[in-house]
Structure formats: structure tokens, C-alpha cells
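Inspection log for the structure reproduced underneath, given as C-alpha cells.
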Amino acid sequence: MNPTQQDAPLLTVEGLSKTFGGIKAVQEIDFQVNRGEVFGLIGPNGAGKTTCFNLITGFYTPTTGRVTFQGHDITGQSPYRIARRGLVRSFQKTNVLKPLTVFENVLAGHYLSARQSLLATFFPTAPVRAAERDARDNAARLVTLLDLGARMDTPAYRLSCGELRLLEVAVALAARPTLLMLDEPAAGLNSQEAMRFGGILKRLRREQVPSIVIVEHNMSLVMDVSDRVMVMDFGRKLAEGKPAEVKSNPQVVEAYLGRARA
Ligand SMILES: Nc1ncnc2c1ncn2[C@@H]1O[C@H](COP(=O)(O)OP(=O)(O)OP(=O)(O)O)[C@@H](O)[C@H]1O
């Protein structure tokens with residue numbers, strides 16, 4: 001990577017809109033995520049966060065607008081192609097196979113980044129065997145990094161809600177993302193578990209994936225882990241800036257408190 005590419009934003013979203021029938025779920029959204037940045041996306045219920053997330057990761061096709069990742073226009077590409085480029089999302093629950101152990105789930109997550117023919121699966125060559133060893137080592141490392149070491153051989157159906165949230169992130173990390181997109185990773189956690197999750201996110205950022213987009217309802221978690229935050233309301237961008245700036249923005253306060261009063 002040359003120095004210009006290094007400085008260019010990792011993700012650029014321009015004029016992104018999505019209409020469902022008559023509902024303008026996302027309207028003319030622009031933002032950028034830089035390399036090495038944790039970017040939080042927040043907003044009241046129905047603000048358009050999930051739609052925005054799904055547009056970026058290829059699960060919805062935008063009505064208008066453009067998404068550029070590492071200099072490539074990825075607008076409208078399939079989620080699979082986008083993930084292969086290094087933009088990988090977590091899923092709530094759906095990426096975890098309940099009967100498999102924690103280790104097996106994370107190992108399965110590696111196959112997104114592996115290109116292996118059927119022939120190679122049954123008659124593995126030395127490089128294929130080396131790749132498999134590497135995947136197993138990496139899976140064990142990720143399980144430990146996510147503080148699930150003691151649950152390595154536990155079937156996923158026996159995990160607590162907090163442990164499941166961590167496993168969902170570990171499975172996403174197995175695909176070796178350049179940019180990790182987290183969809184409400186603290187959903188269902190109590191405040192103590194969410195704080196612990198925040199600590200693990202900071203460790204991930206230092207040791208595994210420096211660039212993260214996080215969509216989350218838990219305001220204290222987002223404010224604690226993010227470098228910059230964008231607030232959405234009624235499908236539009238309401239504010240963007242450092243957590244402290246956003247927190248004291250009167251429009252943001254009104255969007256949250258006004259809705260709570262209504
Ligand atoms: N598939 C869909 N079909 C029709 N309308 C949709 C669809 N998905 C979202 N919407 C509508 O678009 C708007 C934005 O929804 P979205 O789920 O993106 O908001 P959100 O900020 O993620 O909300 P929450 O915090 O409650 O998850 C809402 O009015 C919602 O009802």
C-alpha cells in the first residue's frame with residue numbers, strides 16, 4: 001500500500017438513500033471512516049441505522065448513492081463479495097451454529113476467507129494442510145482474545161447471552177476483516193456486561209482490527225469506545241463529531257429526550 005492509499009478513507013459513503021415503498025428510511029447520508037478509527041452510529045428507534053448498515057454491507061441495494069471501500073466502488077455488490085474485500089459484519093445470533101462448540105464456530109468462520117476446491121478438501125496438499133493448521137491456530141487465538149478460552153469446547157447453545165455476543169464477534173473476526181462492522185453487539189447485555197464488552201473491544205482494536213464501525217443502542221458503550229460518532233434521526237444525519245461534542249449537541253439531546261418524553 002502506498003502512502004496515499006494509507007491516508008485515504010477506508011470507507012466513504014456518499015448520498016446514500018433507501019426508500020421502502022413510501023418510507024424514506026435513509027436520506028442522503030454522507031460520511032467517511034478512516035483507517036484505525038472506531039466510528040459509532042447511533043440514533044433513536046427507527047432512525048435508519050440498521051438500514052444504513054445493511055446498505056453498506058450489501059444486504060440492501062441503495063435507492064441512490066455510493067459506497068466506496070478501500071478505493072473500490074462496492075455499491076450494490078453482494079454481501080459475500082463485500083466480505084471478501086475485507087468489509088465484514090457481525091450478525092446477531094444468525095452466524096452462530098448452536099450445536100457446534102465455540103472453537104468449531106470460529107473455525108467455520110475462517111472458510112469465508114479460504115479459497116479451497118473440493119478436491120483439495122479430500123486430497124489436501126501441503127499448502128492446504130498448512131492453511132488448515134493456520135485456521136485452527138487463529139481460531140484458538142481469537143477465542144482467547146474474546147475472553148472465551150474457558151468455553152472453547154462448550155456447545156454454543158450453552159453460552160450465556162454475553163458469551164454469545166462475544167462469539168458472534170469472534171466468528172466475524174475469523175474472516176480477517178480490514179473493517180469490522182458490528183450490529184448492536186451489546187444487545188441484551190446488562191450494564192456491567194456491556195462495560196466488559198467495551199474493554200474487550202478496546203483490546204480487539206489494539207491487537208486485531210483497528211478499524212471498526214459500531215451500531216449500538218447502548219450510548220455509554222458507544223461514547224466510550226468510539227473516536228467519532230454519527231447520529232441519525234428520521235433517516236438523516238443529525239450530527240457527527242467526537243463523542244463529547246455529539247453528547248452536548250442540543251439537537252441530539254432533543255432527538256433523544258424529546259422522543260423519551262413523547
Ligand atoms: N424492510 C423494510 N421494509 C419497510 N420499511 C422498513 C424496512 N426496514 C426498515 N424500515 C423502516 O425504515 C425506518 C428505519 O428503520 P431502521 O430499522 O433502519 O432504523 P433503526 O435506526 O435501525 O431502528 P432501531 O434502533 O429500532 O433498530 C423505519 O421507519 C422502519 O420501519
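Residue numbers (full-length UniProt numbering): 1 to 262. Ideal Cβ placement from N, Cα and C applies to all residues, glycine included. Keep in mind the model is a prediction, meaning the values are calculated, not measured.
Residues near residue i by beta carbon distance below 8 Å, same chain, minus five either side
| i | result |
| --- | --- |
| Gly15 | Glu28, Ile29, Asp30, Thr64, Gly65, Arg66 |
| Leu166 | Leu146, Asp147, Leu148, Phe197, Ile200 |
| Leu100 | Ala108, Pro155, Ala156 |
| Thr19 | Ala25, Thr63 |
| Leu179 | Leu10, Leu11, Val33, Phe69, Gly86, Leu87, Val88, Val209, Ser211, Ile212, Val213 |
Residue i to residue j span [Cα, whole Å]
| i | j | result |
| --- | --- | --- |
| Phe53 | Asn45 | 14 Å |
| Ser160 | Pro79 | 29 Å |
| Phe103 | Ala83 | 21 Å |
| Glu245 | Val209 | 26 Å |
| Glu163 | Met195 | 14 Å |
| Ala108 | Leu41 | 29 Å |
| Met232 | Leu238 | 5 Å |
| His72 | Leu10 | 10 Å |
| Arg206 | Arg151 | 23 Å |
| Ala139 | Gln251 | 44 Å |
| Arg228 | Glu240 | 7 Å |
| Asp183 | Thr50 | 8 Å |
| Arg136 | Ala175 | 13 Å |
| Val143 | Leu173 | 10 Å |
| Asn190 | Gly21 | 36 Å |
| Arg141 | Asp134 | 10 Å |
| Met230 | Arg158 | 36 Å |
| residue 265 | Lys247 | Only positions 1 to 262 of the chain appear in this structure, which leaves residue 265 out of reach. |
Selection from the options that minimises the alpha carbon distance to residue i
| i | options | result |
| --- | --- | --- |
| Ser17 | Tyr256, Thr75, Glu37 | Thr75 |
| Gly86 | Lys98, His110, Leu97 | His110 |
| Glu216 | Ala8, Ala139, Leu97, Phe39 | Phe39 |
| Gly188 | Asn218, Ala172, Lys202 | Asn218 |
| Arg35 | Ala150, Asp233, Ala135, Phe69 | Phe69 |
| Met223 | Met230, Leu204, Val213, Pro243 | Pro243 |
| Leu55 | Gln32, Gly43, Phe91, Val13 | Val13 |
| Phe91 | Thr178, Ile214, Glu37 | Ile214 |
| Lys202 | Arg158, Ser226, Gln192 | Ser226 |
| Glu254 | Gly43, Glu37, Gly22 | Gly43 |
| Asp153 | Lys98, Lys247, Ala131, Asp7 | Lys98 |
| Glu37 | Phe59, Lys247, Ala8, Ser191 | Ala8 |
| Pro177 | Ser248, Asn190, Leu204 | Leu204 |
Identity of the residues DSSP links to residue i by a beta bridge
| i | result |
| --- | --- |
| residue 264 | Coverage of the chain is limited to positions 1 through 262, which leaves residue 264 absent and any answer about it impossible. |
| Ser17 | Thr64 |
| Arg206 | The partner list for Arg206 (beta bridge, DSSP) is empty, contrary to what the question assumes. |
| Ser211 | Leu179 |
| Asp73 | Thr68 |
| residue 263 | In the structure as shown, the chain starts at 1 and stops at 262, and residue 263 therefore has no counterpart that could be examined. |
| Val38 | Ile212 |
| Gln27 | In the DSSP output, where bridge partners are listed per residue, Gln27 has none listed. |
| Thr50 | DSSP, once it has assigned bridges, lists no residue as partnering Thr50. |
Beta-carbon contacts of residue i that lie in its chain and below 6 Å, excluding the five residues immediately before and after
| i | result |
| --- | --- |
| Gly235 | Lys24, Ala25, Val26, Gln27, Gly48 |
| Ala131 | none |
| Phe59 | Pro79 |
| Arg129 | none |
Same chain only: Cβ atoms within 7 Å of residue i, ignoring 5 sequence neighbours per side
| i | result |
| --- | --- |
| Thr61 | Gly76 |
| Thr57 | Pro79, Ile82, Leu87, Arg89, Met181 |
| Ala186 | Arg165, Ala194, Phe197, Glu216, Asn218, Leu221 |
| Val96 | Asn105, Ala156, Leu164, Leu167, Glu168, Val171 |
| Asn249 | Ala239 |
| Tyr256 | Pro44 |
Minimum Cβ-Cβ distance from residue i to chain B less than 7 Å
| i | result |
| --- | --- |
| Leu182 | This model lacks chain B altogether; it includes just one protein chain. |
beta-carbon residue i near ligand 3 non-hydrogen atom, thresh 6 Å
| i | result |
| --- | --- |
| Ala175 | No copy of ligand 3 occurs in the structure displayed; its ligands are ligand 1 alone. |
Subject >> Nearest-residue set for ligand 1, Cβ under 6 Å from any heavy atom >> reply: Phe20, Ile23, Ala25, Gly43, Asn45, Gly46, Ala47, Gly48, Lys49, Thr50, Thr51
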